[in-house]
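The listed protein sequences derive, respectively, from chains A and B.
So the mapping is simple: the working numbering equals the position in the first sequence, first residue as 1, plus 5.
So the mapping is simple: the working numbering equals the position in the second sequence, first residue as 1, plus 304.
From the three backbone atoms N, C-alpha and C, an ideal C-beta is built for every residue, glycine too.
Quantities reported herein were computed from a predicted structural model and do not represent experimental measurements.
Heads up, the thing below is written out as structure tokens.
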Amino acid sequence: MQHPTPTERARPHLVCPAGSLRALEAAVDAGADAVYLGLKDATNARNFAGLNFTDTQIREGVALAHRHGVQVLMALNTFADARRPGPWFAAADKAAELGADALIVADTAVMGHCRDRLPGLRLHLSVQASATSHAAIEHYRQRYGVQRAVLPRVVAAEQIARIIAGTSVEIEVFAFGSLCVMVEGRCALSSYATGQSPNNAGVCSPASAVRWQERGGGVSARLNGVLIDHYGPEEPRGYPTLCKGRFDVAGQRSHVLEEPTSLNTLELLPRLVQMGVRAFKIEGRQRSAAYVGEVTRAWRAALDRACAAVEDGRPFTPDPAWQQALSRHAEGAQTTLGAFERPWR
Amino acid sequence: MNDRSSLSTPGGRRWGLTVGPVQYLWPRERLLAFYAELADSPADCIVLGEVVCARRRQMRLEDWLALGRELAQAGKQVVQATQTLVETEADLRQIERLGAETGHWVEAGDASALALLQGRVPLVLGPHINIYNHRALQEHADLGVVRWVPPVELSLEALACIQPPEHPVTGWAQQPIETEVWAFGRLPLSFSARCFTARQHGVPKDQCGFPCGDDPDGRLVRSGEGEDFLVLNGTQTQSAGVHCLLPHGTALAATGARRLRLSPQARGFGQVLTDFEAVFNQGAAAAPRMAAWADLGVPQPLVSGYAFGQAGMVSHVSLPSEMPA
Numbered sequence: 006m007q008h009p010t011p012t013e014r015a016r017p018h019l020v021c022p023a024g025s026l027r028a029l030e031a032a033v034d035a036g037a038d039a040v041y042l043g044l045k046d047a048t049n050a051r052n053f054a055g056l057n058f059t060d061t062q063i064r065e066g067v068a069l070a071h072r073h074g075v076q077v078l079m080a081l082n083t084f085a086d087a088r089r090p091g092p093w094f095a096a097a098d099k100a101a102e103l104g105a106d107a108l109i110v111a112d113t114a115v116m117g118h119c120r121d122r123l124p125g126l127r128l129h130l131s132v133q134a135s136a137t138s139h140a141a142i143e144h145y146r147q148r149y150g151v152q153r154a155v156l157p158r159v160v161a162a163e164q165i166a167r168i169i170a171g172t173s174v175e176i177e178v179f180a181f182g183s184l185c186v187m188v189e190g191r192c193a194l195s196s197y198a199t200g201q202s203p204n205n206a207g208v209c210s211p212a213s214a215v216r217w218q219e220r221g222g223g224v225s226a227r228l229n230g231v232l233i234d235h236y237g238p239e240e241p242r243g244y245p246t247l248c249k250g251r252f253d254v255a256g257q258r259s260h261v262l263e264e265p266t267s268l269n270t271l272e273l274l275p276r277l278v279q280m281g282v283r284a285f286k287i288e289g290r291q292r293s294a295a296y297v298g299e300v301t302r303a304w305r306a307a308l309d310r311a312c313a314a315v316e317d318g319r320p321f322t323p324d325p326a327w328q329q330a331l332s333r334h335a336e337g338a339q340t341t342l343g344a345f346e347r348p349w350r
Numbered sequence: 305m306n307d308r309s310s311l312s313t314p315g316g317r318r319w320g321l322t323v324g325p326v327q328y329l330w331p332r333e334r335l336l337a338f339y340a341e342l343a344d345s346p347a348d349c350i351v352l353g354e355v356v357c358a359r360r361r362q363m364r365l366e367d368w369l370a371l372g373r374e375l376a377q378a379g380k381q382v383v384q385a386t387q388t389l390v391e392t393e394a395d396l397r398q399i400e401r402l403g404a405e406t407g408h409w410v411e412a413g414d415a416s417a418l419a420l421l422q423g424r425v426p427l428v429l430g431p432h433i434n435i436y437n438h439r440a441l442q443e444h445a446d447l448g449v450v451r452w453v454p455p456v457e458l459s460l461e462a463l464a465c466i467q468p469p470e471h472p473v474t475g476w477a478q479q480p481i482e483t484e485v486w487a488f489g490r491l492p493l494s495f496s497a498r499c500f501t502a503r504q505h506g507v508p509k510d511q512c513g514f515p516c517g518d519d520p521d522g523r524l525v526r527s528g529e530g531e532d533f534l535v536l537n538g539t540q541t542q543s544a545g546v547h548c549l550l551p552h553g554t555a556l557a558a559t560g561a562r563r564l565r566l567s568p569q570a571r572g573f574g575q576v577l578t579d580f581e582a583v584f585n586q587g588a589a590a591a592p593r594m595a596a597w598a599d600l601g602v603p604q605p606l607v608s609g610y611a612f613g614q615a616g617m618v619s620h621v622s623l624p625s626e627m628p629a
């Protein structure tokens, strides 16, 4: 790998999703500093049919990424099954063997395994580990040597600054993509309805439990029988993720937990760079290679300009073309700053 | 198969009954009256503290500690719980104070509490510390752990794999870490920084006026077809169904666990405690006792899917004789 210049070293990384080799290639071409990927099983939190990597594909992906100076992070971010934990430990061994630059981990069982058996492997604390304070992050550094932590999307901007001040661990935040309104790693809504959740199966509101039903000119979406939403003939239809459904409270039907929006932190970028955020993550391993390429390209340009603005003490002026490109891909075509700015506070 | 015969254990060990922290915002007088009644209940352990929202400050730390002293004098084991979602420096200071000032065990709501309290006080791993396998429990043993409350979505089969009765993980003072299974109450399913009760009322979180205080069992969320599905409790979302393992003593005993967590609901809770004591420690039958709960205002439906590796909303409690193996 090429050695970065001092300026480049100070700059945060753009970390992009790869659900397939084609998406990985698109992210590398579009200027990602790192890509993250997972195996084709329940060891990672995007355990969807048709996604993710075989061993051979990881080897190929690592070679391709490394040729371009791009890091490969392997997500091992579900919790090992009590009855059959072996695949999780095997996946960690595989990450080291296949040349991943870091492992993204949530389960202390896996962290302990890596500390004891794979001391050379760099560890990133997954968002699924629900660490929302510098004390929590330091806990994982001291016990397992974690070198970076991904913050849950509920953490507000001013808290990010306090967390960075309180730990030597690098901080990564979500920049763009689907919005989890709940604290990651602490949400069992999906398993309450379906038996499968992000923690225990790497899925939320799994497609196998979804049923679409034509009704009264519109369409009903059910999750394991529970009516999550009903769309009128003219209404746009979203995937029935449980927390984004429309429910009834005291006779009023509404999006009780969250509107179907996407996270977009573009406006906050210079502030987050200034704080010392070390990496920005784009969500979307379930998305197409074309999506990954286009979003990565926009964010590459935005991050470079934000870093330059911070370095030179100039104002940051987002290019309208980036926002256009990003809003084309936003879920429900609406974007939000999520918990970073907390308009609801 | 009848549950009763197999509930008595070798050596006649009793089932411990823990009253979990009150998840809802109850007025101070109601809360104090609730705990005064518990002094004479069959529960042998009581977990105190506000675990859901840092803004609910009607009970200050001093109040909780004073309450703890009273309950301890009444012969109860007292555990002080920390917040589940730790966000601010003030939240961290609160945890530090618990370590310094409580004479009791502390239930850790998150890894911040593990970091700040390890080795200082006996720790209970709360249900939001993600222990999903044997190795993960081992990783926590040397922090000074006395007890763990498994994540609610784990099956009973998984619990037995994580803390096998024949060779248990040991913690504080080399004693086996005790398993406490969530056996009654609406399930805490998720947490957010955002307050959904405030959102329902159209008020900002920081000047909410505490509308959650109007919902002593949380605010019901129904599916599009009127089924009771979820419950809003401020920043926490719960199941509408009350997870209840009263008729599943045999399956519970097989895990090696000997302690149950009963999470307070606003009505009928005293009777629920009496009934758990009668069924688990005195050999009474579960079904007729549960049948009387609805009239007392215990929320319905009663569910138990998680215990058997199914969706949490699945109910087996109405058919105790057809309990899955």
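Boundaries cannot be given for Phe84/A, as no alpha helix (DSSP H) includes it and DSSP labels it neither H nor E. Taken in chain order, the members of the stretch 515-535 of chain B whose beta-carbon sits within less than 9 Å of a beta-carbon on chain A are Arg523, Leu524, Val525, Arg526, Ser527, Gly528, Glu529, Gly530, Glu531, Phe533 and Leu534. Contact annotation: Cys185/A and Ser195/A have beta-carbon atoms that are not nearer than 7 Å. The beta carbon of Val174/A lies closer than 8 Å to those of Leu130, Ile142, Glu143, Tyr145, Arg146, Val151, Gln152, Arg153 and Ala154 in the same chain, with the five residues before and after it left out.
The C-alpha of Leu524/B lies about 27 Å from the C-alpha of Leu321/B. Contact with chain B is absent for Thr322/A, since none of that chain's Cβ atoms lies less than 7 Å from the residue's Cβ. Taking 7 Å as the upper bound on Cβ-Cβ separation, chain B lies near residues Val186, Met187, Val188, Gly190, Arg191, Cys192, Ala193, Leu194 and Ser196 of the stretch 177-196 of chain A. At a cut-off of 7 Å between beta carbons, Pro90/A contacts chain B.
With respect to Gln384/B, Gly353/B sits close: the two C-beta atoms are nearer than 7 Å. Cβ proximity to chain B below 9 Å picks out nothing from the stretch 49-80 of chain A. The CB of Tyr328/B never comes closer than 9 Å to any CB in chain A; the least such distance is about 16 Å. If you check the CB distance, Gly517/B and Val535/B do not come in under 7 Å.
Judged by DSSP secondary structure, Leu534/B falls outside any alpha helix (DSSP H) and instead within the beta strand (DSSP E) spanning Asp532 to Asn537. A direct Cα-to-Cα measurement between Arg89/A and Thr48/A gives close to 11 Å. Closest in C-alpha terms to His471/B, from the list His620/B, Thr559/B and Leu600/B, comes Thr559/B.
Taking C-beta separations shorter than 8 Å and ignoring five residues to either side along the sequence, the partners of Ala347/B in its chain run Leu321, Thr322, Val323, Lys380, Leu566 and Leu577, following chain order.
DSSP places Ala615/B outside both helix and strand once states are collapsed to three, so it counts as coil.
Taken atom to atom, the span from the alpha-carbon of Val75/A to that of Val33/A is near 7 Å.
At a cut-off of 7 Å between C-beta atoms, Asn269/A does not count as an interface residue with respect to chain B.
Note that the C-beta distance between Gly182/A and Ile287/A is below 7 Å. For Thr246/A, the CB contacts under 7 Å within the same chain, skipping 5 residues up- and downstream, are Cys209 and Ser210 in chain order. Contact check between the stretch 442-460 of chain B and the stretch 89-106 of chain A: fewer than three CB pairs, one atom from each, fall below 8 Å, which does not count as touching. For the 7 Å CB-CB criterion, Trp409/B and Arg562/B do not form a contact. For Leu375/B, no CB of chain A lies under 7 Å from its own CB, so it is not counted at the interface with that chain. For Ser195/A, the enclosing alpha helix (DSSP H) starts and ends at Leu194 to Thr199.
Here Pro469/B has Thr559 and Gly560 as same chain residues with Cβ atoms under 8 Å from its own Cβ, once five neighbours each way along the sequence are excluded. A direct Cα-to-Cα measurement between Ile63/A and Leu78/A gives close to 11 Å.
Among the residues facing chain A, Ser567/B is not included, as its CB has no counterpart in that chain under 7 Å away.
For Phe179/A, the uninterrupted beta strand (DSSP E) segment begins and ends at Glu175 to Ser183. According to the DSSP secondary-structure assignment, Lys286/A is paired through a beta bridge with Val20/A and Phe179/A. Look at the stretch 227-246 of chain A: the residues with a C-beta under 8 Å from a C-beta of chain B are Asn229, Val231, Leu232, Ile233, Asp234 and His235. Of the candidates Glu405/B, Ala358/B and Thr388/B, the residue whose Cα lies closest to the Cα of Ala394/B is Ala358/B. In this structure, the beta-carbon distance from Ala28/A to Ala294/A falls below 7 Å.
With 16 or more other CB atoms across the displayed protein chains lying within 10 angstroms of its CB, Gly528/B is buried. Judged by pairs of C-beta atoms under 8 Å, the stretch 488-507 of chain B touches the stretch 531-545 of chain B, as three or more such pairs exist.
In this structure, DSSP gives Trp330/B a state outside helix and strand, which the three-state scheme calls coil.
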